[in-house]
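Enquirer: Starting off with a structure, shown below.
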Amino acid sequence: MFVMPRVLPSSFFRRSVLAVAPDLLGKFLVRRVGGETLSVMITEVEAYDGPHDKACHASRGKTPRNAVMFGPSGRWYAYFVYGMHWMLNIVTGEKDYPAAVLIRTAGEFTGPAKLTKALRIDRVLNGKPAGKKSGLWIEDRGVKVLPNQMRRTPRIGVAYAGIWAKKHYRFVLSKPKERNT
DNA sequence: ACGATGATGAAC
DNA sequence: TTCATCATCGTA
3 MFVMPRVLPS
13 SFFRRSVLAV
23 APDLLGKFLV
33 RRVGGETLSV
43 MITEVEAYDG
53 PHDKACHASR
63 GKTPRNAVMF
73 GPSGRWYAYF
83 VYGMHWMLNI
93 VTGEKDYPAA
103 VLIRTAGEFT
113 GPAKLTKALR
123 IDRVLNGKPA
133 GKKSGLWIED
143 RGVKVLPNQM
153 RRTPRIGVAY
163 AGIWAKKHYR
173 FVLSKPKERN
183 T
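Heads up: the first sequence is residues 3 to 183, going by the working numbering.
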């Protein structure tokens with residue numbers, strides 16, 4: 003059955019980050035830049051949940067870098083880290099509640115820095131709404147992901163975050179051979 | 001296991 | 001103004 007591609011609206015993101023994150027698995031990240039369009043299926047994400055989450059940038063209050071997370075949902079939060087890499091997040095939840103989903107892996111691009119490099123994502127996207135106008139958006143193409151087709155694990159690279167490092171806020175789509183199809 | 005590489009935020 | 005840290009990756 004063919005399902006017309008649907009661009010996810012901001013209302014999709016105006017929910018708990020722990021609800022949005024698993025719902026992004028199987029969705030398509032679409033990048034239109036320089037006359038080219040590339041779309042890749044999202045297979046790994048992480049949730050960063052509010053001011054109390056010590057792994058979340060917002061846990062130390064609002065700053066110039068993380069300000070976008072305090073704004074409306076459905077906008078890109080792109081930031082520079084380790085002196086060379088860009089990370090791509092989508093803001094979730096109500097305005098003034100800082101939360102976002104980090105998109106770690108999509109299509110053939112393994113790892114959040116390799117993904118942003120391949121899709122030419124940098125500071126230009128930060129704060130822009132996800133949508134065709136910004137050249138970067140997410141589509142629902144009808145792929146259904148059941149709970150038994152995903153794994154939950156602790157987040158990567160946040161060992162400093164105490165009990166928050168142990169929470170299973172990372173969601174990974176199972177490999178095709180492990181999938182129920 | 002570690003260095004690359006520079007922005008960020010907190011301390012001074 | 002300095003300094004430690006960092007939601008990573010490639011090489012060893």
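Even glycine gets a Cβ: it sits at the ideal position worked out from N, Cα and C.
Express the C-alpha separation of VAL103 and LYS119 in angstroms, rounding to a whole number.
Expert: As a first step, residue 119 must be located in the first sequence, where it is residue number 117. As a first step, residue 103 must be located in the first sequence, where it is residue number 101. So the alpha carbons of these two residues sit roughly 18 angstroms apart.
Enquirer: Cβ of PHE72 within 8 angstroms of Cβ of PRO100?
Expert: The residue labelled residue 72 in the question sits at position 70 within the first sequence. The residue labelled residue 100 in the question sits at position 98 within the first sequence. A contact, by the Cβ cut-off of 8 angstroms.
Enquirer: In three-state terms, what does DSSP make of PRO11?
Expert: Position 9 of the first sequence, counting from 1, holds the residue named residue 11. Here PRO11 sits in coil by DSSP.
Enquirer: Residues bridged to PRO131 by DSSP?
Expert: The count along the first sequence starts at 1 and reaches residue 131 at position 129. In the DSSP output, where bridge partners are listed per residue, PRO131 has ARG77.
Enquirer: So, helix, strand or coil for TYR162, using DSSP?
Expert: The sequence position of residue 162 within the first sequence is 160, counting from 1. Correct three-state label for TYR162: helix.
Enquirer: Distance check for PHE15 and VAL22, CA to CA, integer angstroms please.
Expert: Your numbering for residue 22 matches position 20 in the first sequence. Your numbering for residue 15 matches position 13 in the first sequence. Cα-Cα distance, rounded: 6 angstroms.
Enquirer: Excluding sequence positions up to five away, which residues of its chain have a Cβ less than 6 angstroms from the Cβ of PHE1?
Expert: A question about residue 1 goes unanswered here, because the residues of the chain that appear run from 3 up to 183.
Enquirer: Identify the continuous alpha helix (DSSP H) that holds THR118 and give its terminal residues.
Expert: Translated into the one-based positions of the first sequence, residue 118 becomes position 116. Its alpha helix (DSSP H) spans residues 114-120.
Enquirer: Three Cβ pairs or more, each shorter than 8 angstroms: is that satisfied between the region 152-160 and the region 169-177?
Expert: Flag = yes, the region 152-160 and the region 169-177 touch.
Enquirer: Only counting runs of 4 or more residues, tell me where the alpha helix (DSSP H) segments fall wholly within the region 17-83, in order along the chain.
Expert: Taking only runs of at least 4 residues, the alpha helix (DSSP H) segments lying wholly in the region 17-83 are 19-26.
Enquirer: DSSP state of VAL1, grouped into three classes?
Expert: The structure shown does not extend to residue 1, since the chain is modelled only from 3 to 183, so the question has no answer here.
Enquirer: Tell me where the beta strand (DSSP E) around LEU148 begins and ends.
Expert: Here residue 148 refers to the residue found at position 146 of the first sequence. Where LEU148 is concerned, there is no enclosing beta strand (DSSP E), given that its DSSP letter is neither H nor E.
Enquirer: SER75: buried (16+ other C-beta within 10 angstroms of its C-beta) or exposed?
Expert: Here residue 75 refers to the residue found at position 73 when the first sequence is read from its first residue. When all chains shown are included, SER75 counts as buried.
Enquirer: Does the beta-carbon of GLY159 have 16 or more other beta-carbons within 10 angstroms, so that it is buried, or is it exposed?
Expert: Position 157 of the first sequence, counted from the start, is the residue given in the question as residue 159. Flag for GLY159 reads exposed.
Enquirer: Going by other Cβ atoms of all chains shown within 10 Å of its Cβ, with 16 needed for buried, is TYR84 buried or exposed?
Expert: Residue mapping note: residue 84 aligns to position 82 of the first sequence, counting from 1. That one is exposed.
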